[in-house]
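The structure appears below as structure tokens.
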Amino acid sequence: MHDPERLRRYSQLFGRHGHTQSRAGYRVYQTYKTRLATVTSAEKTALSEFVRDVNDVLEGSMDATYFGRKWQLPIESSEDLQLWIDERKQEAEALYSLMTPEQRAEIDAMVIDVLLADTNLSEDLIRMAENLIDKGDIPQKTEVPDAFMHGWDDEGDKDDETDEDDEDKWCRWQNLLWAY
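Counting from 1, position 156 in the sequence shown corresponds to residue 274 in my numbering; the numbering is continuous, with no gaps.
And the structure:
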């Protein structure tokens, strides 16, 4: 009656809490899978660019403030971005933990396909992308001049510029944009 091998197999198949956890995990898996299958090409493009930009900020090749303005997010530094990523990752992890390892691997592969990315993406970025896709909450991009990509100061006159000057430039540029 008390076959430890049978109990182990049953536990692997249905989880510690019997059918309840298995069903919950399967529902999460099916929801993710359905949502990933319905991602539009516009969403794929936006999400791919977003994740590339996140990676650029984390690597230091893009200014965090520029990133925040480009994607209309409250991000002023790479620390802000890391906190934002961690929040999305934690939300995804709560659901992700309900799935079996095989289901997780399949969902990760589907996310990487959606992102049109290589497999060298960090787990944090994959979880963040899963969360954004699942919630349908892909950030919207706005046009920001490339001159601001590596910081708000112009290269030629860094010494005499202040953050206030940068804000003034940004406001003037936005006003010009809206005038057309």
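Yeah, the Cβ is synthetic: ideal placement off N, Cα and C, and Gly gets one too.
In this text the structure is predicted, and so the values were computed from the model without any measurement.
query, result
"Leaving out five residues before and five after residue 161 in sequence, what residues of the same chain have Cβ atoms less than 7 Å from its Cβ?", "256"
"Excluding the 5 residues preceding and the 5 following residue 229 in the sequence, name in chain order all residues of the same chain whose CB lies nearer than 8 Å to its CB.", "154, 244, 247, 248 and 251"
"May I ask you to report which of helix, strand or coil DSSP gives residue 259?", "coil"
"With a Cβ-Cβ cutoff of 9 Å, do residue 224 and residue 147 count as a contact?", "yes"
"What residues in its chain sit with their C-beta under 8 Å from that of residue 151, if we drop five residues either side in the sequence?", "224, 225 and 228"
"If you draw a straight line from the C-alpha of residue 277 to the C-alpha of residue 178, how long is it?", "With a pLDDT of only 49 at residue 277, under the threshold of 50, the placement of this residue in the model should not be trusted; the figure read from the coordinates follows. Straight-line Cα distance between these residues: approximately 22 Å."
"Of the residues 208, 171 and 222, which one's Cα is nearest the Cα of residue 191?", "171"
"Assuming residue 198 and residue 182 make a contact with CB atoms under 8 Å, what is their CB distance in whole Å?", "7 Å"
"Would you say residue 214 and residue 222 are within 9 Å of each other, going by their C-beta atoms?", "yes"
"At what residue ranges does the stretch 159-211 contain a whole run of the alpha helix (DSSP H), taking only runs of 4 or more?", "159-177 and 182-188"
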